[in-house]
Amino acid sequence: MRIELEIEALNSHDRSHFSCGNEQLDRFIQTFARQNQKKGLSRTYVIAHERCVVAFVSVSAGSIERATLPEAHRARVPDYPLPILRLSRMGVDVSWSGRGLGGKLVLHVCRLALEQLERTGCVGIVVDAKEGATGFYERFGFEQMSGLEVGMLEDTTPMFLDIRTVKQAWEAAQRRRPSNP
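Position in the sequence shown (first residue = 1) + 2 = our numbering.
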């Protein structure tokens with residue numbers, strides 16, 4: 003039997019047993035994610051099974067300087083702060099890893115970036131990839147950033163996904179979805 007798991011905004015979900023193998027991410031979802039939402043600092047979306055969080059992603063609006071973009075993307079944008087969607091944190095419980103939940107969350111972030119593009123503007127998605135996670139993000143088209151940008155968190159690699167690539171990924175995902183009768 004296949005379990006269909008949906009992405010929803012974090013609310014009263016049980017986060018107490020979440021464990022992705024990264025103590026900082028575990029502590030964030032268990033302790034700080036709801037606080038940050040209440041303060042308007044970020045939004046967290048979860049995949050839950052029987053109200054228990056099995057995966058999550060947190061996002062916030064942000065901006066970056068043109069000089070920090072991968073060089074191939076600099077020519078098409080002006081030289082002032084550029085609006086982005088920051089993928090702040092993401093984790094999948096170790097007991098649910100390998101089931102495509104991380105990819106599902108990245109696709110959700112793509113949808114959020116496209117919504118931001120329509121409402122307020124967005125040149126792409128930025129993530130501070132944790133050590134060992136750059137390959138995961140590269141599979142989706144993220145590129146390492148350069149210039150003055152450094153990871154917001156220690157031991158991270160800042161990465162960028164251009165909004166044009168986001169659109170292409172979203173459109174491809176929509177074509178793969180089974181049509182509703």
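No residue lacks a Cβ here, since even glycine has one placed at the ideal position from N, Cα and C.
Residue i - partner residues in DSSP beta bridges
i: F162; result: V128 and E145
i: T46; result: S60
i: C112; result: Its beta-bridge partners do not exist; DSSP assigns none.
i: C54; result: D16 and H51
i: G93; result: F58
Collapsed DSSP secondary structure at residue i in the structure displayed
i: V168; result: helix
i: N10; result: In the sequence as presented, Asn is not what sits at residue 10; that position holds Glu. In this structure, E10 counts as strand in the three-state DSSP scheme.
i: I86; result: strand
i: I66; result: strand
i: A74; result: helix
i: R178; result: helix
i: S21; result: coil
i: R121; result: helix
i: G105; result: helix
i: E173; result: helix
i: L150; result: Confidence at L150 is low in this model, with a pLDDT of 46, below 50, so its placement is unreliable and no value can be given for it.
Whole-angstrom distance between residue j and residue i, CA atom to CA atom
i: W172; j: M92; result: 19 Å
i: E25; j: V125; result: 31 Å
i: V61; j: G123; result: 15 Å
i: I66; j: L84; result: 5 Å
i: W21; j: V168; result: Position check: residue 21 holds Ser in this sequence, whereas Trp was assumed. Their backbone Cα atoms lie some 29 Å apart in a straight line.
i: G104; j: E10; result: 14 Å
i: Q176; j: L89; result: 21 Å
i: H51; j: Q32; result: 16 Å
i: P72; j: R36; result: 33 Å
i: D81; j: E145; result: 20 Å
i: E6; j: V129; result: 27 Å
i: A77; j: D164; result: 13 Å
i: L43; j: A115; result: 17 Å
i: I49; j: H15; result: 10 Å
i: K132; j: E140; result: 13 Å
Continuous alpha helix (DSSP H) stretch holding residue i: start and end
i: K40; result: A35 to K40
i: F30; result: F30 -> no alpha helix (DSSP H), and no H or E assigned at all.
i: E140; result: T136 to E140
Minimum C-alpha distance to residue i - residue among the options
i: M147; options: A11, R29, F138 and M161; result: M161
i: V56; options: E73, V94, R121 and S90; result: V94
i: A117; options: I86, E140 and G105; result: Sequence inspection shows Glu at residue 117; the Ala mentioned does not correspond to that position. Minimum Cα distance to E117 is reached at I86.
i: R166; options: V79, E10 and L12; result: V79
i: V96; options: F58, E73 and S14; result: F58
i: T136; options: V108, T158 and K40; result: T158
i: G143; options: C112, K132, V48 and R17; result: C112
i: L119; options: G102, T70 and A63; result: A63
i: A174; options: L43, L109 and Q39; result: L109
i: W98; options: G23, H75, A115 and Q39; result: G23
i: H2; options: I127, Y139 and L43; result: The structure shown does not extend to residue 2, since the chain is modelled only from 3 to 183, so the question has no answer here.
Any non-hydrogen atom of the ligand ATP closer than 8 Å to residue i Cβ
i: R101; result: In the structure on display, the ligand ATP does not appear, and there are no ligands present to speak of.
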